[in-house]
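Chemist:
Written as structure tokens, this is what we have:
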């Protein structure tokens, strides 16, 4: 549970009325809940520690409601072994300002882009560890908008195309501009970021993104596991890699070809979800059955047979778990897996401190930290040690902080034991 109570109601619709989100839905709900909060030193830096990364969005919303963060055009510096740049599906874009609806639908891999579509974030700096390569290093400018009843992006990177998130700009409406900068810590060029973010300030006279930025740290940045390697056997993982394989995108692609590939990927994932869901508990399915008339169906039959003969320990296998795992892999890549020694963790924390100390004259408006241990991404035996190191570094760097530990190890571990999604 949180160490502090929640703040008084603030109406997001009132905030939006003073912003430039003139085309946003008007049926907004509040971001903060009723309650009182003890008096705080306004100079204290708020630091929120959550277990599941998507729970950080609630604390970011509350900082917006408190007017500690701008309503629009904030920047997030995101340390993580995973981009977390998917978008929840299904999701009604017209309900982007309904907090309960948003909280019920986002997950660990899909909580950042809703902040972009709402206009709250305009710039994202994903600082990745060397072992994470889901998105190529670079500086990207793209748009996030509504495509019928879904939210899509105009960036034709493989990460977004393989997640069925790409769409051409002409098919989108209610678009928001976004800048994404991807680099390892050693290669981050802050001058390049500053230049790309010029003019991101609002009408209050703040002219640079450094005036309103969020420091977001997933503890799996320092040491990460692929939880699916602990659930499925190597044979089962290899079958899923074949089933969910997505060919590498050519360097140059026309818009029409991208549309074709995007639709092909959507059909592939939809078909697999249906076939696995319909046959997971079919004990009569045989990979050599004549009814298994495609390579896809034969592989599904082979996977189900092996799962029946070699079931994972401590996990209930569901179609959702298989599909979530499959969506994280293909024949060329899987989720990052790199368990660091404690000596390496200390070194990485010091490198982060050195980077942040040189980063900006302004400290962040809020720090969010995700433990990511219950869902199997940060090693459970090391997460408390890493957390202590990171919080001590933040306190040394920024001075007095208000630390809110918004998690309950035992309860969340019990509730989420069999639920893992990809990041």
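Numbering (the UniProt record's numbering), first residue to last: 1 to 423.
Glycine included, C-beta positions come from ideal geometry on N, C-alpha and C.
Source: prediction; values computed, not measured.
By Cβ distance below 7 Å, which residues in the same chain neighbour residue 224 in space, the five residues on each side in sequence not counted?
Modeler: In the chain shown, counting from the first residue as 1, residue 224 sits at position 224. The residues are 81, 336, 337, 338, 377, 378.
Chemist: With a threshold of 8 Å, are at least 3 pairs of Cβ atoms found where one atom belongs to the stretch 178-187 and the other to the stretch 121-136?
Modeler: Touching, yes.
Chemist: Secondary structure at residue 266, three-state DSSP: helix, strand or coil?
Modeler: The residue given as residue 266 occupies position 266 in the chain shown. Correct three-state label for residue 266: helix.
Chemist: Does the stretch 214-232 touch the stretch 371-390, meaning 3 or more C-beta pairs lie closer than 8 Å?
Modeler: With the cut-off at 8 Å, the stretch 371-390 and the stretch 214-232 touch.
Chemist: In three-state DSSP terms, what is residue 200?
Modeler: Residue numbering aside, residue 200 sits at position 200 when the chain shown is read from its first letter. Unreliable positioning characterises residue 200 in this predicted model, as indicated by a pLDDT of 45, which lies under 50. The coordinate reading is nonetheless provided below. DSSP places residue 200 in coil when its eight states are reduced to three.
Chemist: Just the C-alpha distance for residue 236 and residue 306, rounded to the nearest angstrom, thanks.
Modeler: On the chain shown, position 236 is the one that residue 236 refers to. On the chain shown, position 306 is the one that residue 306 refers to. Each residue's alpha carbon lies about 7 Å from the other.
Chemist: Could I get the ranges of all uninterrupted alpha helix (DSSP H) runs contained in the stretch 94-178, with 4 residues as the minimum, in chain order?
Modeler: Listed in chain order, they are 99-105, 113-117, 158-162.
Chemist: Taking only three categories from DSSP, how would you classify residue 89?
Modeler: The count along the chain shown starts at 1 and reaches residue 89 at position 89. Three-state result, residue 89: coil.
Chemist: Relative to the C-alpha of residue 364, which residue among 65, 69, 250, 271 is closest?
Modeler: Position 364 of the chain shown holds residue 364. Nearest of 65, 69, 250, 271 to residue 364, Cα basis: 69.
Chemist: At which residues does the beta strand (DSSP E) containing residue 76 begin and terminate?
Modeler: Start at 1 with the first residue of the chain shown, and residue 76 comes out as number 76. Segment 74-79, the beta strand (DSSP E) holding residue 76.
Chemist: Decide if residue 251 is buried, meaning its Cβ has at least 16 other Cβ atoms within 10 Å, or exposed.
Modeler: Counting from one through the chain shown, the residue named residue 251 turns up at place 251. Flag for residue 251 reads exposed.
Chemist: Below 8 Å on the Cβ atoms is my guess for residue 77 versus residue 403; work out the distance and round it to an integer in Å.
Modeler: For the purposes of this step, residue 77 is taken as residue 77 along the chain shown, with counting starting at 1. For the purposes of this step, residue 403 is taken as residue 403 along the chain shown, with counting starting at 1. That belief does not hold up - the Cβ atoms of residue 77 and residue 403 are roughly 19 Å apart, past 8 Å.
Chemist: Among residues of its own chain, excluding the 5 on either side of residue 116, which ones have a beta-carbon nearer than 8 Å to its beta-carbon?
Modeler: Counted from its first residue, the chain shown places residue 116 at position 116. Within the same chain, residue 116 has close Cβ partners 122, 124, 144, 176, 178.
Chemist: Do residue 173 and residue 152 count as a contact pair if the criterion is CB distance below 7 Å?
Modeler: If you number the chain shown from 1, residue 152 lands on position 152. If you number the chain shown from 1, residue 173 lands on position 173. Not closer than 7 Å, so no.
Chemist: Closest to residue 120 by C-alpha separation, out of 74, 109, 348, would be which residue?
Modeler: Mapped onto the chain shown, residue 120 falls at position 120. Of 74, 109, 348, the residue nearest in Cα terms is 74.
Chemist: Rank 272, 239, 296, 161 by C-alpha distance to the C-alpha of residue 249 and give the top, closest one.
Modeler: Numbered from its first residue, the chain shown carries residue 249 at position 249. Taking only the C-alpha atoms, the option nearest residue 249 is 161.
Chemist: Count the other C-beta atoms from every protein chain shown that fall within 10 angstroms of the C-beta of residue 330, then say buried if there are 16 or more, exposed otherwise.
Modeler: Here residue 330 refers to the residue found at position 330 of the chain shown. Its Cβ being crowded by 16 or more others within 10 Å, residue 330 is buried.
Chemist: When every heavy atom of the ligand NAD is checked, does at least one fall within less than 6 Å of the C-beta of residue 171?
Modeler: Questions concerning the ligand NAD fall outside what the structure shown contains, since it holds no ligand whatsoever.
Chemist: If you follow the alpha helix (DSSP H) that residue 382 is in, where does it begin and where does it stop?
Modeler: On the chain shown, residue 382 is found 382 positions in, with the first residue counted as 1. Note, residue 382: alpha helix (DSSP H), 380-398.
Chemist: Can you tell me whether DSSP reads residue 48 as helix, strand or coil?
Modeler: Taking the first residue of the chain shown as 1, we reach residue 48 at position 48. Strand, per DSSP.
Chemist: Considering only the beta carbon of each residue, do residue 158 and residue 86 sit closer than 7 Å?
Modeler: Taking the first residue of the chain shown as position 1, residue 158 is located at position 158. Taking the first residue of the chain shown as position 1, residue 86 is located at position 86. No; because the gap between Cβ atoms is not below 7 Å, this pair is not in contact.
Chemist: Run through DSSP, which three-state label would residue 338 get?
Modeler: In the chain shown, residue 338 corresponds to position 338, counting from 1. Of the three classes helix, strand and coil, the one that applies to residue 338 here is strand, per DSSP.
Chemist: Looking at C-alpha atoms only, which residue of 233, 79, 90 is the closest neighbour of residue 126?
Modeler: Residue 126 sits at position 126 when you count from the first residue of the chain shown. That would be 79, whose Cα lies nearest to the Cα of residue 126.
Chemist: Candidates 355, 233, 95, 400: which alpha carbon is nearest residue 189's?
Modeler: In the chain shown, counting from the first residue as 1, residue 189 sits at position 189. Cα-wise, what sits closest to residue 189 is 355.
Chemist: By DSSP, does residue 216 sit in helix, in strand, or in coil?
Modeler: Taking the chain shown and counting its residues from 1, one reaches residue 216 at position 216. If DSSP states are grouped into helix, strand and coil, residue 216 belongs with the strands.
Chemist: Label residue 44 either buried or exposed according to how many other C-beta atoms from any shown protein chain fall within 10 Å of its C-beta, with 16 as the threshold for buried.
Modeler: Along the chain shown, one-based indexing puts residue 44 at 44. By the 10 Å Cβ count, residue 44 comes out exposed.
Chemist: From the DSSP output, in three-state form, read off residue 280 for me.
Modeler: Counting from 1 along the chain shown, the entry for residue 280 is found at position 280. In the structure shown, residue 280 sits in coil (DSSP, three-state: anything other than H, G, I, E or B).
Chemist: If you draw a straight line from the C-alpha of residue 395 to the C-alpha of residue 401, how long is it?
Modeler: The residue labelled residue 395 in the question sits at position 395 within the chain shown. The residue labelled residue 401 in the question sits at position 401 within the chain shown. Computed Cα separation, rounded: 6 Å.
Chemist: Does DSSP classify residue 221 as helix, strand or coil?
Modeler: In the chain shown, counting from the first residue as 1, residue 221 sits at position 221. If DSSP states are grouped into helix, strand and coil, residue 221 belongs with the helices.
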